[in-house]
Amino acid sequence: MNIVIANDQGAVELTKKIIKHLEVAGHTVNYLGIDHEESIDYPDQAEKACIEYKKGDYDFGIVCCGTGIGISIAANKVKGIRCALVQDIYSAQKAKQHNNANFIAFGGRIEYKEKPLDILDAFIKTDFEGGRHQRRVTKIMDIESK
Ligand code: RB5
């Protein structure tokens with residue numbers, strides 16, 4: 007898969023782990039984040055990753071900040087983006103099956119009950135179910151034009 011990823015200073019180590027994990031698995035990663043702890047504004051990072059994703063060559067995107075909250079809120083302001091701030095494997099699977107999320111968010115300062123890399127793998131391996139979920143996803147996206 008082709009994946010774009012960005013982070014702020016709150017998730018430097020987690021982002022490095024994610025990139026290594028994805029590359030070892032044979033995915034292509036476009037890294038737009040920072041590899042230092044100097045402060046940067048997460049909305050800028052979210053916007054950068056989403057704009058890049060919307061160029062069209064990507065399967066999905068990943069955004070990471072301290073909690074995953076700010077950067078996912080910002081990503082969801084970009085038209086066409088459905089960014090899921092997942093907590094565990096179950097929510098990652100549902101984010102794809104039901105919401106057809108095209109972005110996933112993690113928090114570098116969060117203690118997950120399951121490994122973030124396993125959560126990410128669950129998201130990658132799961133497919134959108136379509137059907138009634140397509141109707142609901144279409145309704146989500148229709149909100150953008152109201
Ligand atoms: C930055 O300190 C922090 O606010 C950010 O990484 C994130 O947690 C915001 O939601």
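Numbering (my numbering), first residue to last: 7 to 152.
Cβ coordinates follow ideal geometry from the N, Cα and C atoms, glycine included.
Predicted model, so just to flag it, every value in this text is computed and none were measured.
With distances taken Cα to Cα, identify the nearest neighbour of residue i among the options.
i, options, result
"residue 143", "29, 95, 90", "90"
"residue 21", "58, 151, 116, 128", "116"
"residue 18", "151, 113, 134", "113"
"residue 88", "94, 104, 125", "104"
"residue 134", "124, 9, 101", "101"
"residue 120", "96, 84, 151", "96"
"residue 16", "145, 57, 108, 44", "44"
"residue 38", "9, 63, 29", "9"
"residue 84", "7, 150, 118", "150"
"residue 52", "68, 61, 63", "68"
"residue 28", "60, 92, 107, 128", "128"
Counting only beta-carbon atoms, is residue i nearer than 8 angstroms to chain D?
i, result
"residue 101", "Absent from the structure is chain D; it holds one protein chain and no more."
Could you give the first and the last residue of the continuous alpha helix (DSSP H) run that contains residue i?
i, result
"residue 76", "75-81"
"residue 126", "122-131"
"residue 101", "95-103"
"residue 48", "48-59"
Could you compute how far the alpha carbon of residue i sits from the alpha carbon of residue j?
i, j, result
"residue 12", "residue 42", "13 angstroms"
"residue 36", "residue 132", "22 angstroms"
"residue 33", "residue 148", "32 angstroms"
"residue 98", "residue 58", "22 angstroms"
"residue 122", "residue 94", "8 angstroms"
Given 7 angstroms as the limit, tell me if residue i has its C-beta closer than that to any heavy atom belonging to ligand 1.
i, result
"residue 73", "yes"
"residue 76", "yes"
"residue 48", "yes"
"residue 136", "no"
"residue 86", "no"
"residue 16", "yes"
Tell me which residue opens and which closes the beta strand (DSSP E) that residue i is part of.
i, result
"residue 68", "66-71"
"residue 20", "Unbroken run through residue 20 is the alpha helix (DSSP H), 18-30; no beta strand (DSSP E)."
Exercise. Specify whether the segment 45-54 and the segment 71-80 touch according to this definition: at least 3 beta carbon pairs, one from each stretch, less than 8 angstroms apart.
Key: Contact between the segment 45-54 and the segment 71-80 is present, because at least three Cβ pairs lie under 8 angstroms.
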